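Report on the following structure.
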Amino acid sequence: MKSDVEIAQAALLQPITAIAEKLGISEDELELYGKYKAKIALAAWDSIKNRPDGKLILVTAINPTPAGEGKTTTSVGLGDALHKLGKKTAIALREPSLGPCFGLKGGAAGGGYAQVVPMEDINLHFTGDFHAITTAHNLLAAVIDNHLQQGNELDLDVRRITWRRVVDLNDRALRNIVCGMGGKPHGVPRETGFDITVASEMMAILCLAQDLDDMKDRLGKIIVAYTRNGEPIRAAQLNVTGALTLLFKDAIKPNLVQTLEGTPAFIHGGPFANIAHGCNSVMATKFALKLADVVVTEAGFGADLGAEKFLDIKCRFAGISPDAVVIVATVRALKMHGGMSKDQLTQVDMQALNAGLSNLTKHIENIHKFGLPVVVAINAFPTDTEAELIFVEEQCRAMGAQVALSEVWAKGGAGGIALAEKVLAAVDKPKAFKFIYETEATIENKINAIAREIYGADGVEFTAPARKSIKELVDLGLDKMPICMAKTQYSLSDDATKLGRPSGFTITVREIKISAGAGFIVALTGNILTMPGLPKHPAAEKMDITNDGKITGLF
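The sequence shown begins at 1 in UniProt numbering and counts up one residue at a time.
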């Protein structure tokens, strides 16, 4: 079997102008980045904004395990299958971060014969969006430190400067640093640190902004520090909102590429799902909905994180809602959730499979709580037995979810026809979409609603620093916003070791942060870090490029 990058390199791509033509986008509305990728001019929105929206399908998954789930692969394959069935289809995904690409993942553009291409470009720099975010974020940081150096007119408390720096790499050594060392000419010494670019509030703003004016307004609202009297200082008070927006003039435009089978794909923005809200941009999704009859999008990690944030945050801001939700699961991963170790997963163990199904059933229940129809996609592996597959299918139907086997990794769109047919049937069913909480509720009640309803927790414990932050937000009138939970992706709880469907646990919120520009409140739980580290053997060790430009090692 060829590797993902070998499959992608062997593909015969269509010119991006031909892909755009499938959606009715003219060449004049494209800004070309070579032959196979482009940005869509913002002016194109005026000609399509009054069209009816297509059907929206959200793809999510069970809690991830080392056994693999294949959520993005399923999203791409489902889009190709719908395209094969004659539907005018578009896919809307996030851009990969260089950090995970060089760390554990080695790439994030689908897999096998269900990929978005050009795969190497998408994984490596793409159209420069993340570099624009990194530069804008660090410009604001530089302006803050310059403000301190130049007399500190706003009376910033150097101990309460909340705006850190970012880089789009996994670099644990930068989590906590001291800057301004070297004497008076080199700045004011203070403690700070770096986050990964995909955890930046500016990434969230890019993905939630409706247009350039909205982005400028959101950038100005970012709270970067507090004065010695405890008053918040926003980016607008530093007089660089225009400059920050300028750096986003191209990044804000949605990117258009294609799948291996020529299905149009919007890939734009990429906030982490265990830290940020884990969805591609509102603008790309809205463009896709106006240009296609069916749009397949995805949310990061398991449904407890990605789907909850997609539905409670993105849908709330964008005024949209899915017509159906696909939950991706594998027999292998379900057996791991049932207690099997990774090296035993080729063995048949119906007891472990039955125990692991509790994780899937909880996610099905959760999507039903949002009032949406569910289709389960069983991502097939060669080691799956007929008895195991039939058992999972029967349990899903008993939960009121349609289910279909997906073989898109090996067969591309042809391997997703059964899934596509189930999804098309589901989108025509009535839905009664509702949020899990209302923004007018207290911060504590909103977090409790997520923890109890979505995670299955008995309740929430707030540390003393978290309670202090909540009181401060209430006093500042900043408490009526959605909640963005920062939690481990591996468990429904905040303990990564508790697989399956844990019970009898509480969620501990150790820190509360405000992302005033993005428009949500971040609740950090467990040991979630905003700057990941590299593993002992990073994927980067296996990557290379030949003299003729052929890339190897991406997967």
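Think of the CB as a built atom: it goes at the ideal place given N, C-alpha and C, for glycine as much as any other residue.
Given the structure is predicted, the values throughout are model-derived calculations rather than measurements.
With fewer than 16 other Cβ atoms from the protein chains shown falling within 10 Å of its own Cβ, Asn176 counts as exposed. The residues Glu201, Ile205, Arg218, Leu219, Lys221, Ile222, in chain order, have a CB closer than 7 Å to that of Gly517 in the same chain once the five nearest residues on each side in sequence are set aside.
A residue is called buried once 16 or more other Cβ atoms fall within 10 Å of its Cβ, and Phe433, having fewer, is exposed. Ranked by Cα distance from His147, the options Asp312, Glu438, Ala404, Val224 are led by Val224.
In the structure shown, Glu407 falls within a coil segment according to DSSP collapsed to helix, strand and coil.
Annotation note: the stretch 282-359 contains the following uninterrupted alpha helix (DSSP H) runs of length 4 or greater, listed N- to C-terminal: 282-291, 315-318, 331-337. Between Val522 and Glu386, the alpha-carbon positions lie close to 44 Å from each other. In this structure the stretch 454-463 does not lie against the stretch 321-331, because fewer than three pairs of beta carbons, one per stretch, are closer than 8 Å. In the three-state scheme derived from DSSP, where H, G and I count as helix and E and B as strand, Ala114 is classed as strand.
Look at Asn255 here: in three-state DSSP terms it is strand.
If you keep only unbroken beta strand (DSSP E) runs of at least 3 residues inside the stretch 171-234, you get 177-179, 190-192, 194-196, 223-227, 232-234. Looking at the DSSP output, Gly459 sits in a beta bridge with Thr506. Per DSSP, reduced to three states, the secondary structure at Ala132 is helical.
For Ser515, DSSP records a beta bridge to Phe520. For Val240, there is no enclosing beta strand (DSSP E), as DSSP marks it with neither H nor E.
Annotation: the continuous beta strand (DSSP E) that includes Asn379 extends over 374-379. Ile196 and Val166 do touch by the CB rule: their CB atoms are close to 7 Å apart, below 8 Å.
Taking the Cα of Arg51 as reference, the smallest distance to any Cα among Phe287, Gly306, Leu124 is reached at Phe287. Spatial neighbours of Asp544 in its own chain (CB-CB distance under 7 Å, excluding positions within 5 residues in sequence) are listed in chain order as Thr552, Gly553. Per DSSP, reduced to three states, the secondary structure at Met485 is strand.
The Cβ atoms of Pro232 and Leu424 lie no closer than 8 Å to each other. In chain order, Ala109, Gln115, Val117, Pro118, Met119, Glu120, Leu260 place their CB closer than 8 Å to the CB of Ala8, counting only its own chain and leaving out the 5 sequence neighbours on each side.
Straight-line measurement puts the Cα of Leu534 at about 23 Å from the Cα of Gly306.
Under DSSP, Val59 forms a beta bridge with Glu298, Val326. If you ignore the 5 residues before and after Ser3, its C-beta comes within less than 7 Å of the C-beta of Phe555, all in its own chain and listed in chain order. A straight line joining the alpha-carbon of Gln258 with that of Pro264 spans about 5 Å. When the beta-carbon positions are compared, Arg164 and Thr192 come within less than 8 Å of each other. Collapsing the DSSP output to three states places Thr127 in coil.
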